[in-house]
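Q:
Protein chains: 2
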Amino acid sequence: MLVTDRRQFLKSAALMAGASGVAQSGTDESQRAQWLDTAERLKPRLHATQVAPVSIVKPIADASQFLRWRMERVSPADTLRERVMRRADSVILDFGRHLTGHLEFSIDGEGRGIDAPTRLKLTFGEVAPEVAGPFDPYHGALSRAWLQDEVINIDVLPNTLQLPRRYAFRYVKVEVIDTSPNYAIRLDRVQATALSSAGAEPPPLGKATPELLRQIDAVSIATLRDCMQTVFEDGPKRDRRLWIGDLRLQALTNYATFRNFDLVKRCLYLFAAFPREDGMVSACVFEDPKPYRGHEYIVDYAALYVATVLDYAKASNDWVTARELWPVVQQQMEILERYVRGDGLFAAPAGAWVFIDWNNRLDRTAAMHGVFVYSLRQALALAHKCGAEPQATEYERRFAQMAAAARTAFYDPVLQICVSGPKRQISWATQAWMVLSGIVTKEEGAQAFRAIREIPDAIHPGAPYLYHYVAEAMIACGLKQEALELIESYWGGMVKAGADTFWEVYDPSNAMLSPYNSVLVNSYCHAWSCTPAYLLRR
Amino acid sequence: MLVTDRRQFLKSAALMAGASGVAQSGTDESQRAQWLDTAERLKPRLHATQVAPVSIVKPIADASQFLRWRMERVSPADTLRERVMRRADSVILDFGRHLTGHLEFSIDGEGRGIDAPTRLKLTFGEVAPEVAGPFDPYHGALSRAWLQDEVINIDVLPNTLQLPRRYAFRYVKVEVIDTSPNYAIRLDRVQATALSSAGAEPPPLGKATPELLRQIDAVSIATLRDCMQTVFEDGPKRDRRLWIGDLRLQALTNYATFRNFDLVKRCLYLFAAFPREDGMVSACVFEDPKPYRGHEYIVDYAALYVATVLDYAKASNDWVTARELWPVVQQQMEILERYVRGDGLFAAPAGAWVFIDWNNRLDRTAAMHGVFVYSLRQALALAHKCGAEPQATEYERRFAQMAAAARTAFYDPVLQICVSGPKRQISWATQAWMVLSGIVTKEEGAQAFRAIREIPDAIHPGAPYLYHYVAEAMIACGLKQEALELIESYWGGMVKAGADTFWEVYDPSNAMLSPYNSVLVNSYCHAWSCTPAYLLRR
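Line by line, the protein sequences are chains A and B.
The first sequence lines up with residues 63 to 600 when you count with the numbering used here.
The second sequence lines up with residues 63 to 600 when you count with the numbering used here.
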């Protein structure tokens with residue numbers, strides 16, 4: 063996730079500034095320093111894997127392809143050294159897989175005399191469109207600096223270059239801006255070093271699993287692998303931050319695949335180490351030059367921190383950590399409870415950032431209520447484990463009150479579906495969170511999902527993050543087959559469109575969808591899209 | 063010097079390939095390896111001087127300026143840290159002097175969140191036009207890679223950057239290609255490290271010297287200083303090679319100023335270490351990744367190697383080196399003597415590269431003859447010192463024959479001027495070399511220089527290299543005042559045009575003159591222009 067709406071920021075910041083008047087965090091400074099220390103001690107060393115390019119390829123405009131380009135194989139990658147390249151020549155290398163890491167290559171000159179530096183442009187692409195055309199003029203809403211290209215000047219040949227920055231890519235385009243009239247260059251020994259904190263990959267799904275599902279599972283795992291660095295990044299090409307919403311889904315998938323518990327633990331402590339003045343966890347954390355909290359606060363993400371702690375403790379059986387983080391969990395619940403109105407409905411303050419999904423038309427009232435009630439249930443389970451019985455009692459009471467209030471406010475017994483907001487908007491988001499929170503029964507949920515399929519103008523999910531919770535809710539109310547079909551159609555759609563890793567945004571009906579006004583800056587390996595491996599394997 | 067004419071290359075190469083049939087070099091391989099070793103042992107450690115920027119400046123288009131731009135001071139450089147810079151903002155720093163070296167700076171971000179890399183473009187300029195406008199589209203004949211700009215992406219702020227490459231500059235333009243909508247940057251602690259192998263600067267000329275001459279002297283010294291690196295480079299912005307023609311003029315100026323004899327000695331050995339198969343020294347030598355000879359052979363440069371050795375021995379009194387290099391000197395003379403026709407006139411083979419000057423209209427016959435005869439005189443002096451009496455006798459005989467032949471062929475007793483070629487072309491180059499070679503008497507030379515001033519369509523020098531030999535010839539035939547006037551008008555013209563260091567090309571009547579089809583790629587600190595300090599001080 064990366065924020066695009068500046069007005070949203072400003073409102074959110076103003077709100078949060080107001081919130082700093084509330085009671086100070088229950089955690090003290092020395093404790094937070096200790097948590098940071100714990101997080102840093104858990105910082106993993108990355109595994110490095112050498113990856114050689116497979117082919118030289120050429121992008122062909124192709125309207126039949128979802129991304130509008132296909133890659134045509136020109137020759138094996140080892141023919142690169144036979145290419146004599148001069149001004150305006152270019153070549154695209156295909157590494158045959160997505161990776162997060164570094165690039166190195168050797169370069170030599172030949173001709174009458176190597177009498178000038180070599181100026182190259184290197185462009186890294188996760189998908190074909192990034193290397194098919196030029197990046198500029200760029201009209202995206204996010205920084206141009208996220209587009210992965212470098213202009214480099216090489217003074218001396220022969221030379222071996224190890225590019226210092228990290229990239230996320232499958233393709234590398236090398237363009238010769240200039241040599242001199244007296245020499246040409248040859249490139250050789252191109253090699254990438256793929257980095258990840260994920261360990262050995264889990265065995266693939268059994269042969270009995272349909273091929274498409276096996277592919278979806280493999281792409282999920284590749285996505286998670288390339289996002290697992292020294293934190294669970296949201297997307298290695300861009301943003302690269304640790305966000306709670308993405309973390310939770312990655313952690314779940316990680317438990318079903320790589321089972322790197324320490325990385326989750328590190329991330330939980332990172333959030334704990336940098337709360338806002340009132341104790342609310344920030345939506346994201348930066349790692350460099352040293353860890354610090356992001357400037358965004360997302361109401362539903364703070365609530366989901368609770369679930370992320372519980373998921374972790376259950377998966378790892380590390381209840382010591384859960385107990386240590388209990389004050390943080392309790393504090394999120396305390397802060398968020400203040401937004402619960404007297405009638406038992408959750409009402410985020412105007413201007414606070416409630417994410418839920420990336421569909422701007424979505425009325426988030428019911429879904430946000432659902433997330434909070436869902437979190438009450440996770441907090442309740444944690445309270446019991448942490449010996450916090452007074453809180454458990456309170457959460458239980460609160461759950462009963464809010465579930466009842468929600469049924470009245472959001473469940474339409476005539477339509478047998480959940481609605482949200484003054485216009486009684488029908489959305490997939492609302493159904494998902496009404497189910498996951500336990501506000502509606504399994505049967506009601508199943509019926510609601512059946513009903514919504516017949517309502518074409520119901521608000522659809524805008525991105526994989528919500529698709530996950532929809533699939534999870536379907537499974538929760540017994541619609542396993544429907545969940546599988548959703549996975550096959552949605553994530554399978556990306557696989558069929560050529561995804562090596564799952565994308566940040568995917569709308570089967572709109573290939574040009576970008577929350578940032580440019581698909582070039584979309585992330586094509588994105589954490590919150592990695593969950594099919596979890597859904598299929600659990 | 064840098065070669066621009068590819069056809070010239072091809073012809074030259076073909077000729078030289080033919081020449082490889084002649085007798086092998088008198089120097090053997092182990093001797094050449096030893097000479098390389100000597101050269102490498104003399105490789106200097108560079109002196110580093112920290113240089114802070116002086117001002118923030120703004121280029122103003124100004125048709126009254128020779129280079130069409132003037133720099134307006136905006137504020138002191140230390141106001142830079144107060145500048146908050148975002149996408150499309152830029153700033154130009156003026157270091158107040160030309161320097162060859164490195165740049166470092168610190169950068170920090172401020173705003174809501176530093177949530178994207180920073181993408182900067184840095185442009186280094188020796189003169190205002192290089193930072194006043196964009197480099198592209200670039201139509202110069204030399205590599206675009208010589209233009210000094212970098213695009214850099216900085217992943218983490220705050221940061222301190224030390225750019226790895228070396229630049230030649232007075233101005234640095236920093237353009238912010240992008241930050242993100244959420245943060246801006248501030249730059250601070252910008253600092254350059256000026257590099258040179260020149261030691262302490264000589265005291266300036268006395269107060270009695272007219273101000274303009276004092277300025278010319280100072281600019282000469284700055285030019286030499288910034289070209290003195292681990293060899294005498296021809297121009298630190300571009301090419302950067304060691305060329306014999308440039309070396310000789312730098313060495314002469316060095317003897318009158320920095321007196322770094324070892325650097326000259328290193329350069330002489332570098333040429334000696336890499337002769338062509340027949341023993342001819344190449345016109346230039348590259349240093350990196352390890353020393354190797356350039357691909358160009360210039361007839362007059364090979365001849366001037368002789369003078370460069372003699373100059374060195376005289377200035378340093380190091381006759382041991384002269385004697386060690388005597389076989390190389392002798393060999394140049396042997397090779398070049400093959401081009402002397404039976405009638406005693408020097409006739410370079412068709413297609414061989416005879417430089418003399420950068421004026422394409424110049425008939426080089428007489429001047430080249432003059433350079434060779436000049437070299438005979440230097441070789442004669444060396445032969446005596448090296449105990450090579452048979453050669454001395456031969457050189458003396460040859461000198462007498464060729465001087466006589468030249469008088470007949472080139473001296474027009476009616477016009478009292480020297481001419482060249484079938485069209486009896488009158489040029490400054492011809493007069494200069496007829497004087498320096500001793501072919502005409504001082505009186506004849508002085509008269510010729512007086513006469514040529516009255517001939518407007520006489521071929522003028524095309525670059526400072528030949529202007530030097532004209533001035534030197536004027537002094538040699540007693541026209542000290544005229545030489546001084548030439549220095550004042552030509553090099554003084556550059557000073558008045560704002561030169562901090564002397565330029566590769568300067569035609570007072572044509573500011574847009576470039577041998578490379580773009581003044582942007584001209585060198586504005588160029589070795590062969592540094593000689594006024596020598597002419598004024600000797």
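C-beta atoms are modelled at their ideal positions from N, C-alpha and C, and glycine is treated no differently.
Values in this document were obtained by computation on a predicted structure and should not be read as measured data.
(1) If you count every other CB in all the chains shown that lies within 10 Å of the CB of aspartate 362(B), and 16 or more means buried, which is it?
(2) Within the 8 Å Cβ cut-off, does proline 199(B) reach chain A?
(3) For a test of the three-state rule: what should DSSP assign to histidine 160(B), helix, strand or coil?
(4) On the three-state DSSP scale, how would you describe arginine 300(B)?
(5) Compare the C-beta of tryptophan 415(B) with all C-beta atoms of chain A and state if any pair is closer than 8 Å.
(6) Once the 5 residues before and after alanine 573(A) are set aside, which same chain residues still bring their CB inside 6 Å of it?
(7) Does the CB of glycine 187(B) have a neighbour CB from chain A at under 8 Å?
(8) To which residues of the same chain is alanine 559(B) closer than 7 Å at the C-beta, ignoring the five residues directly before and after it?
(9) How many angstroms separate the CA atom of aspartate 170(A) from the CA atom of phenylalanine 336(B)?
(10) Assuming leucine 209(A) and leucine 582(A) make a contact with CB atoms under 8 Å, what is their CB distance in whole Å?
(11) In the structure shown, what three-state DSSP assignment does glycine 187(A) receive?
(12) Give me the Cα-Cα distance between alanine 75(A) and tryptophan 415(A), rounded to the nearest whole angstrom.
(13) Any beta carbon from chain A within less than 8 Å of serine 344(B)'s own beta carbon?
(14) Applying a beta-carbon distance threshold of less than 9 Å, which residues of chain A neighbour asparagine 584(B)?
(15) For the segment 194-262 of chain B, list the beta strand (DSSP E) runs that are entirely contained and at least 3 residues long, ordered along the chain.
(16) Once you ignore the five residues that flank glutamine 112(A) on each side, which residues in its own chain have a CB closer than 7 Å to its CB?
(17) If you check the beta carbons only, do methionine 536(B) and alanine 428(B) fall under 8 Å apart?
(18) Hey, which unbroken runs of the beta strand (DSSP E) at 3 residues or more fall wholly within the segment 82-132 of chain A?
(19) Let me know the alpha helix (DSSP H) ranges lying completely inside the segment 266-311 of chain B, each 4 residues or longer, listed in chain order.
(20) Pairs of beta-carbons, one from the segment 259-279 of chain A and one from the segment 171-185 of chain A, closer than 8 Å: are there three or more?
(21) Taking Cβ positions, are alanine 533(A) and glycine 500(A) nearer each other than 8 Å?
(22) Along the chain, where does the alpha helix (DSSP H) containing valine 368(B) start, and where does it finish?
(23) Is tyrosine 493(B) buried or exposed, if buried means 16 or more other CB atoms sit within 10 Å of its CB?
(24) Cysteine 329(A) lies in the beta strand (DSSP E); which residues open and close that run?
(25) Report the rounded CA-to-CA distance for phenylalanine 511(B) versus serine 168(B), giving the unit in angstroms.
(26) Apart from the five residues on each side of it in sequence, which residues of its chain come closer than 6 Å, Cβ to Cβ, to valine 567(B)?
(27) Where does glutamate 456(B) fall in DSSP's three states?
(28) I'd like the list of long-range same chain contacts for valine 371(B), defined as Cβ closer than 7 Å, with 5 residues on each side in sequence excluded.
(29) Shortest alpha-carbon distance to lysine 120(B) belongs to which of Leu155(B), Ala114(B), Asp90(B) and Ala101(B)?
(30) In chain A, what lies closer than 8 Å to proline 220(B) by C-beta?
(31) Are three or more beta carbon pairs between the segment 239-254 of chain B and the segment 280-300 of chain B nearer than 8 Å?
(32) Please list, in chain order, the chain B residues whose beta carbon lies closer than 9 Å to that of glutamate 212(A).
(33) Would you kindly report the start and end of the unbroken alpha helix (DSSP H) that includes valine 581(B)?
(34) Find the residues of chain B that neighbour isoleucine 169(A), judging by a C-beta separation of less than 9 Å, and give them in chain order.
(35) Under 8 Å Cβ to Cβ from valine 368(A), same chain only, skipping five residues before and after it: list those, please.
(36) Would you give the residue range spanned by the alpha helix (DSSP H) that phenylalanine 434(B) belongs to?
A: Reading off the structure:
(1) Start at 1 with the first residue of the second sequence, and residue 362(B) comes out as number 300. By the neighbour-count rule (16 or more Cβ atoms within 10 Å), aspartate 362(B) is buried.
(2) Start at 1 with the first residue of the second sequence, and residue 199(B) comes out as number 137. Not an interface residue.
(3) Translated into positions along the second sequence, residue 160(B) becomes position 98. In this structure, histidine 160(B) counts as strand in the three-state DSSP scheme.
(4) Mapped onto the second sequence, residue 300(B) falls at position 238. Of the three classes helix, strand and coil, the one that applies to arginine 300(B) here is coil, per DSSP.
(5) The sequence position of residue 415(B) within the second sequence is 353, counting from 1. By the rule that beta-carbons nearer than 8 Å mark a contact, tryptophan 415(B) does not touch chain A.
(6) Residue mapping note: residue 573(A) aligns to position 511 of the first sequence, counting from 1. Setting aside the 5 residues that flank it on each side, alanine 573(A) is surrounded in the same chain by Phe128, each with a C-beta closer than 6 Å to its C-beta; the list follows chain order.
(7) Along the second sequence, read from residue 1 onward, the residue named residue 187(B) stands at position 125. Nearest CB-CB separation between glycine 187(B) and chain A: not below the 8 Å threshold.
(8) For the purposes of this step, residue 559(B) is taken as the residue at position 497 of the second sequence. Excluding residues within five positions, the ones whose Cβ falls inside 7 Å are Phe128 and Leu129.
(9) Translated into positions along the first sequence, residue 170(A) becomes position 108. Translated into positions along the second sequence, residue 336(B) becomes position 274. Going by the C-alpha atoms only, they are around 21 Å apart.
(10) The residue labelled residue 209(A) in the question sits at position 147 within the first sequence. The residue labelled residue 582(A) in the question sits at position 520 within the first sequence. With 8 Å as the limit, leucine 209(A) and leucine 582(A) qualify as a contact, their Cβ atoms being about 6 Å apart.
(11) Along the first sequence, one-based indexing puts residue 187(A) at 125. Reduced to three states, the DSSP call for glycine 187(A) is strand.
(12) As a position in the first sequence, residue 75(A) is number 13, starting the count at 1. As a position in the first sequence, residue 415(A) is number 353, starting the count at 1. With a pLDDT of 39 at alanine 75(A), under the threshold of 50, the modelled position of this residue cannot be trusted, and the question is left open.
(13) As a first step, residue 344(B) must be located in the second sequence, where it is residue number 282. Not flagged as an interface residue toward chain A: serine 344(B), since no C-beta distance is shorter than 8 Å.
(14) As a position in the second sequence, residue 584(B) is number 522, starting the count at 1. What asparagine 584(B) touches in chain A: nothing, since even the nearest Cβ is about 15 Å away.
(15) Runs found: 211-216, 221-224, 229-240 and 245-258.
(16) Walking along the first sequence from the start, residue 112(A) turns up at place 50. Only Gln253 and Thr255 meet the Cβ criterion.
(17) Locating residue 536(B) in the second sequence gives position 474, where the first residue counts as 1. Locating residue 428(B) in the second sequence gives position 366, where the first residue counts as 1. No, the pair does not count as a contact, with Cβ atoms beyond the cut-off.
(18) Listed in chain order, the complete beta strand (DSSP E) runs (minimum 3 residues) inside the segment 82-132 of chain A are 109-113 and 117-123.
(19) Taking only runs of at least 4 residues, the alpha helix (DSSP H) segments lying wholly in the segment 266-311 of chain B are 273-289.
(20) The segment 259-279 of chain A is not in contact with the segment 171-185 of chain A.
(21) Position 471 of the first sequence, counting from 1, holds the residue named residue 533(A). Position 438 of the first sequence, counting from 1, holds the residue named residue 500(A). With respect to glycine 500(A), alanine 533(A) sits apart: the two C-beta atoms are not nearer than 8 Å.
(22) Here residue 368(B) refers to the residue found at position 306 when the second sequence is read from its first residue. Counting along the chain, the alpha helix (DSSP H) containing valine 368(B) begins and ends at 361-378.
(23) Counting from 1 along the second sequence, the entry for residue 493(B) is found at position 431. Residue identity check: residue 493(B) is glutamine in the sequence provided, not tyrosine. That one is buried.
(24) Numbered from 1 along the first sequence, position 267 holds the residue referred to as residue 329(A). It is not in any beta strand (DSSP E) - cysteine 329(A) instead sits in the alpha helix (DSSP H) that spans 323-335.
(25) Start at 1 with the first residue of the second sequence, and residue 511(B) comes out as number 449. Start at 1 with the first residue of the second sequence, and residue 168(B) comes out as number 106. The straight-line gap from Cα to Cα measures roughly 56 Å.
(26) Translated into the one-based positions of the second sequence, residue 567(B) becomes position 505. In its chain, beyond the 5 residues on either side, Ala525, Leu575 and Asn584 have a beta carbon closer than 6 Å to the beta carbon of valine 567(B).
(27) In the second sequence, residue 456(B) corresponds to position 394, counting from 1. Looking at glutamate 456(B) - three-state DSSP - the assignment turns out to be helix.
(28) Taking the second sequence and counting its residues from 1, the one referred to as residue 371(B) is at position 309. Excluding residues within five positions, the ones whose Cβ falls inside 7 Å are Leu330, Ala384, Leu387, Val391 and Leu444.
(29) The count along the second sequence starts at 1 and reaches residue 120(B) at position 58. The shortest C-alpha separation from lysine 120(B) is found at Leu155(B).
(30) Locating residue 220(B) in the second sequence gives position 158, counting from the first residue. Residues of chain A passing the Cβ test: Pro351.
(31) Cβ pair count under 8 Å is below three, so no.
(32) Taking the first sequence and counting its residues from 1, one reaches residue 212(A) at position 150. Under a criterion of Cβ atoms nearer than 9 Å, the residues of chain B adjacent to glutamate 212(A) are, in order, Val213, Ile214 and Asn215.
(33) Taking the second sequence and counting its residues from 1, the one referred to as residue 581(B) is at position 519. Here valine 581(B) belongs to no alpha helix (DSSP H), and DSSP marks it neither H nor E.
(34) For the purposes of this step, residue 169(A) is taken as the residue at position 107 of the first sequence. By Cβ distance, chain B contributes nothing, its closest Cβ being about 12 Å from isoleucine 169(A), past 9 Å.
(35) For the purposes of this step, residue 368(A) is identified with residue 306 of the first sequence, where counting begins at 1. Exclusion of the five residues before and after valine 368(A) leaves Val391, Gln394, Met395, Ser437, Gln440, Ala441 and Leu444 as the residues of its chain whose Cβ lies within less than 8 Å of its Cβ.
(36) As a working mapping, residue 434(B) is identified with position 372 in the second sequence. For phenylalanine 434(B), the enclosing alpha helix (DSSP H) covers residues 427-447.
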